[in-house]
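What follows is one structure encoded as C-alpha cells, with my remarks underneath.
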Amino acid sequence: MRGLRYDRILAGTALALILAAPLGAQAQTSALEAAVPMPEQTALPPPTAADVDAATEPQAPETTATIPAPAVSAPGAAPAAVPAETAAAPEITAPPDPLASLDPADRPIAEKMRDLLAAKADKIFANKKERSTVDAFYQNRNLAPLWVEKGVVNARAKTVIGRLRSADADGLDVNDYKVPNFDAAQSPEALAEAELKMTAAVLTFARHLQAGRFNYSVISKNIEVPQVPPEQSQVLTKIADAADAASALDQFSPPHEGYKRLKAKLAELRGTNAPDEKILRIPEGPLVRPGMDDARMPLLRKRLNVGGDENSTKYDNGLVDAVKAFQKGAGSNPDGVLGPGTIAKLNGNTPPKRGDSIDAIIVNMERWRWLPRELGAVNVMVNIPDYQLRVYKDGAVHWQTRIVVGQPSKQTPLLHAQMKYITVNPTWNVPPSIVQNEYLPALAQDPTVLSRMGLKVVNNRDGSIHIYQPPGDGNALGRVRFNFPNKFLVYQHDTPDKHLFAHDARAYSHGCMRVQDPPKYAEVLLNIARPNEGWTAERIKKMYGSAEQDIQFPSAIPVNLTYQTAFVDDEGKLQIRKDIYALDGRMQSAIKSERGMVEMAQDRPKERESTSTTARARPQQPRTVGFFESFFGGGQSRPTPPNRVR
158 MRGLRYDRIL
168 AGTALALILA
178 APLGAQAQTS
188 ALEAAVPMPE
198 QTALPPPTAA
208 DVDAATEPQA
218 PETTATIPAP
228 AVSAPGAAPA
238 AVPAETAAAP
248 EITAPPDPLA
258 SLDPADRPIA
268 EKMRDLLAAK
278 ADKIFANKKE
288 RSTVDAFYQN
298 RNLAPLWVEK
308 GVVNARAKTV
318 IGRLRSADAD
328 GLDVNDYKVP
338 NFDAAQSPEA
348 LAEAELKMTA
358 AVLTFARHLQ
368 AGRFNYSVIS
378 KNIEVPQVPP
388 EQSQVLTKIA
398 DAADAASALD
408 QFSPPHEGYK
418 RLKAKLAELR
428 GTNAPDEKIL
438 RIPEGPLVRP
448 GMDDARMPLL
458 RKRLNVGGDE
468 NSTKYDNGLV
478 DAVKAFQKGA
488 GSNPDGVLGP
498 GTIAKLNGNT
508 PPKRGDSIDA
518 IIVNMERWRW
528 LPRELGAVNV
538 MVNIPDYQLR
548 VYKDGAVHWQ
558 TRIVVGQPSK
568 QTPLLHAQMK
578 YITVNPTWNV
588 PPSIVQNEYL
598 PALAQDPTVL
608 SRMGLKVVNN
618 RDGSIHIYQP
628 PGDGNALGRV
638 RFNFPNKFLV
648 YQHDTPDKHL
658 FAHDARAYSH
668 GCMRVQDPPK
678 YAEVLLNIAR
688 PNEGWTAERI
698 KKMYGSAEQD
708 IQFPSAIPVN
718 LTYQTAFVDD
728 EGKLQIRKDI
738 YALDGRMQSA
748 IKSERGMVEM
758 AQDRPKERES
768 TSTTARARPQ
778 QPRTVGFFES
788 FFGGGQSRPT
798 PPNRVR
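Counting from 1, position 384 in the sequence shown corresponds to residue 541 in the numbering used here; the numbering is continuous, with no gaps.
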C-alpha cells in the first residue's frame with residue numbers, strides 16, 4: 158500500500174509540472190508582449206471570397222522567425238515603460254584640449270610651464286602682479302612658448318639674448334638680466350623654467366630701460382617726475398608680434414635727443430684708447446678784446462684747437478669765435494672778451510678722466526628715464542646745474558635765457574608740471590618757511606626791518622602771522638611771475654637783483670627760478686599760447702602797475718626742471734657741469750646697490766592736495782583755494798581791475 162501510494166504521489170507531481178509548464182511559458186510570453194508597443198487597432202471589413210481562396214492556397218514555409226505582435230494598450234492607459242537597457246544614453250562632449258595646437262615637441266614644455274606658473278613662479282618673477290600678467294599672456298597663447306619652438310631655442314630668443322648682453326650700451330648693468338642657458342636645458346621641465354626666466358629678464362630690462370632701476374625717492378624727496386614704467390603685457394605682446402624683437406625692445410628707451418646724444422658719446426668714450434687730454438695753461442695777463450695783439454695768442458690757439466697762423470699774436474675772428482663757444486659752454490657770458498674769469502676757466506676747467514665722464518653720462522642717462530616720454534611740441538626745459546632755461550618748439554631750441562636757481566640748502570626741485578598762466582604785478586606772499594626761519598627772527602631784533610623792506614605784516618585770527626609784499630618795482634618777484642602749480646611751491650619770476658645774472662654760478666634763490674629777461678620770456682610763451690594777439694615785451698611792460706593781472710593760457714605748457722650735469726651740445730662736445738646739489742654721488746651709489754620695482758603712476762598713492770582759506774591782504778570774495786594759489790597769489794577770486802587781461 159505504501160509503495161502504491163508513493164507512486165501515485167510521484168505521478169501526480171509530474172502531471173502537475175507538465176500542466177503548469179505551458180501556463181508559465183504563456184505568462185512569460187504575455188509579459189514580453191505587454192512590454193512591446195502596438196499600433197492602434199483599426200476596424201477591418203468582413204472577409205470576402207477572395208480572402209477565403211487565398212487562405213486555402215498552399216503557402217511556402219517561412220524561413221525567418223516570427224516576431225510576436227506588440228501588445229495593445231487599453232485606451233487612456235499610460236504608455237508602457239521602456240526598459241532601462243534600451244534607453245539612449247546622453248552624449249558627453251570632452252572639453253577642448255588647449256595644448257592640442259602645439260607642436261608635439263612643445264607640448265611637454267607647455268605642460269611643465271603650466272605647473273611652474275601654478276607652483277614656483279613667485280621665485281622667478283618680481284611680484285605677484287608680474288606673475289599674473291605673465292600667466293595671462295601664456296594662457297592667451299595656449300601656453301605656447303615664446304622663446305622655444307619644436308623643443309629648441311628660436312631665433313627670437315637669440316636676438317633678444319644678444320640685446321640683453323649689450324645692455325651696457327644704455328648705461329645699464331648686464332648682470333641685472335639673468336639670461337638662462339637654453340643649451341644646458343635638456344628636459345621639458347628645464348626648458349620650461351628657462352622659458353619663464355627669459356621672460357622675467359626681458360620684463361626687467363624693458364622696465365629699467367624706460368623708467369630706471371629704482372624709484373627716484375631713493376635719491377631725494379625734492380623730486381616729483383612721472384617715471385612711468387612700461388605696461389608688462391604690452392612688452393610681451395610687442396616682442397611676440399615684432400619681426401625684430403631687439404628693435405621692439407629698443408622702443409622702450411627714452412626717445413629724447415638728449416638721451417640719444419649721451420648714448421652715442423658713451424659708446425665713443427668706451428671705444429677709444431687715447432690718453433686723457435692734457436690742458437695747456439694760458440698765462441694770466443691783461444684783458445684782451447677782439448682785434449687786439451697779445452703774446453698769448455699762439456698758446457690760446459693751441460688750447461682751443463683753432464687753425465690759422467700759429468705764430469700770430471692777433472686776437473682774430475677765429476679765436477674770438479672759439480672763445481665765445483668756450484664761454485657759452487662754460488656757462489659764462491659769451492662776449493668774446495678774454496679776461497681773468499675766462500682764463501681761469503680755461504686753466505681750471507680740466508676735462509675729467511674718461512672713467513669719470515662715463516660715470517657722469519650713465520647717471521644722467523638714468524635721470525632722462527624719469528622724464529615724460531612725450532615732452533610736448535612746446536615745452537620749457539630748465540637745466541639746474543647749467544643755470545639755463547630753454548623754450549623748445551618742435552624739438553628745437555626756440556629761445557633761452559639765464560636763470561638763478563636755489564641754493565644747495567634750498568634746492569630747486571626736479572619737477573614736471575604744467576604752466577597755466579602768467580601774473581603781471583604779482584604780490585609776494587612770503588612762504589611760511591621764510592617767515593619762521595628768517596623774517597620773525599629779524600623782526601624780533603628790529604621791529605621796523607620789514608616795513609623798510611616794503612613788507613606788510615598781518616596778524617591772523619588763529620594767532621599766525623602772514624607777511625606779504627605788494628606789487629611794485631622792489632617786489633621780490635619783480636614784475637612778472639610764471640605759474641605752474643606744484644607741491645614744492647616753486648615758480649619762475651622776475652627779480653630786482655639783476656646783477657646776479659653776471660655770475661657764472663647762480664645758485665642764490667630759495668628754490669624758485671629767477672629769469673633774466675621775463676618780459677621777453679612772456680612774449681615768447683604768449684605768442685605760442687595765444688598766437689593771434691600780438692604780444693610783445695613792450696606790451697607786457699606797459700601793464701606794470703599796482704594791480705595784479707593774470708594772463709591765462711588756453712592750453713597748459715609743460716615745464717620740466719631737470720638736473721643735467723652731463724650733456725652733449727649741438728657741436729657734439731660733452732659738457733660737464735658742477736654737481737651743485739651732490740645728486741650724482743647718490744645716483745652712482747644707488748646704481749650699484751639699489752634695485753626696486755618702479756610702479757605705474759595709477760598704482761602709487763595719490764598725494765592729498767593741500768588747501769588753504771588764507772585771505773589775501775586786500776578786500777576779496779572768500780573762497781577755498783589751492784595751497785599753491787594761496788601763496789603765489791594767482792588765480793584767486795578778487796576785484797577785476799579795468800585793464801585785466803584774461
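The C-beta atom is built at its ideal place from N, Cα and C for all residues, glycine as well.
Contact under 9 Å by Cβ, residue 738 with residue 589: No. Outside cutoff.
Close-in-space but distant-in-sequence residues of the same chain around residue 681 (CB under 8 Å, 5 per side omitted): Around residue 681: 548, 555 and 556.
Identity of the residue in 688, 594, 622 and 581 nearest residue 699 by Cα: 581
Proximity to residue 728 [Cα-Cα], best of 440, 485 and 410: 485
Contact the stretch 376-385 vs the stretch 527-545: 3+ CB pairs below 8 Å: yes
Whole-angstrom C-beta distance between residue 635 and residue 650, which should lie under 8 Å: 6 Å
Touch test, the stretch 656-666 against the stretch 609-626, Cβ-Cβ under 8 Å, three pairs minimum: no
Supposed contact pair residue 314 and residue 304 - C-beta distance, whole angstroms, cut 8 Å: 4 Å between Cβ atoms; contact.
From 741, 702, 341 and 468, residue whose alpha carbon lies closest to that of residue 719: 741
Residue 378 in three-state terms, based on DSSP: In the displayed model, residue 378 falls within coil according to three-state DSSP, outside both helix and strand.
Selection from 309, 397 and 368 that minimises the alpha carbon distance to residue 412: 368
Distance between residue 722 and residue 734 (C-alpha atoms, nearest Å): 5 Å
One or two residues paired with residue 490 in a DSSP bridge: None, per the DSSP bridge assignment.
According to DSSP, residues forming a beta bridge with residue 556: 548
For residue 497, the first and last residue of its enclosing alpha helix (DSSP H): 497-505
Cβ neighbours of residue 683 in the same chain (closer than 6 Å, five flanking residues each side left out): 692
Which listed residue (685, 746 and 378) has its alpha carbon closest to that of residue 537: 685
Beta-carbon proximity check, residue 717 vs residue 597, cutoff 9 Å: no
Nearest-angstrom beta carbon gap, residue 467 and residue 458 [assumed within contact, 8 Å]: 6 Å
Start and end residues, beta strand (DSSP E) containing residue 714: 706-719
Limits of the alpha helix (DSSP H) - the one that residue 740 falls within: 740-750
Neighbourhood of residue 311 by C-beta distance below 7 Å, restricted to the same chain and skipping five residues each side: 304 and 305
Between the CA atoms of residue 544 and residue 491 - distance to the nearest angstrom: 14 Å
Beta-carbon proximity list for residue 345, same chain, < 6 Å, skipping 5 on both sides: 265, 266 and 269
Cβ-Cβ distance between residue 451 and residue 442 below 9 Å: yes
Residue 309 beta carbon less than 9 Å from that of residue 321: no
For residue 652, the nearest candidate out of 584, 497, 503 and 364 (CA to CA): 584
Nearest-angstrom Cα separation, counted from residue 354 out to residue 338: Straight-line Cα distance between these residues: approximately 10 Å.
9 Å Cβ cutoff met for residue 522 and residue 419: yes
Alpha-carbon to alpha-carbon, residue 539 and residue 496: Distance between the alpha carbons of residue 496 and residue 539 is about 28 Å.
Length of the line joining the Cα atoms of residue 361 and residue 679: Spanning the two alpha carbons is a distance of roughly 43 Å.
Alpha-carbon to alpha-carbon, residue 613 and residue 375: 40 Å
Nearest-angstrom Cα separation, counted from residue 408 out to residue 667: Here the alpha carbons of residue 408 and residue 667 stand approximately 39 Å from one another.
Three-way DSSP call (helix, strand, coil) for residue 439 in this model: Note: residue 439 maps to coil in three-state DSSP.
Residue burial classification, residue 760 (beta-carbon count within 10 angstroms, cutoff 16): With a pLDDT of 48 at residue 760, under the threshold of 50, the modelled position of this residue cannot be trusted, and the question is left open.
Cβ-based burial, residue 542 [other Cβ within 10 Å; buried from 16]: buried
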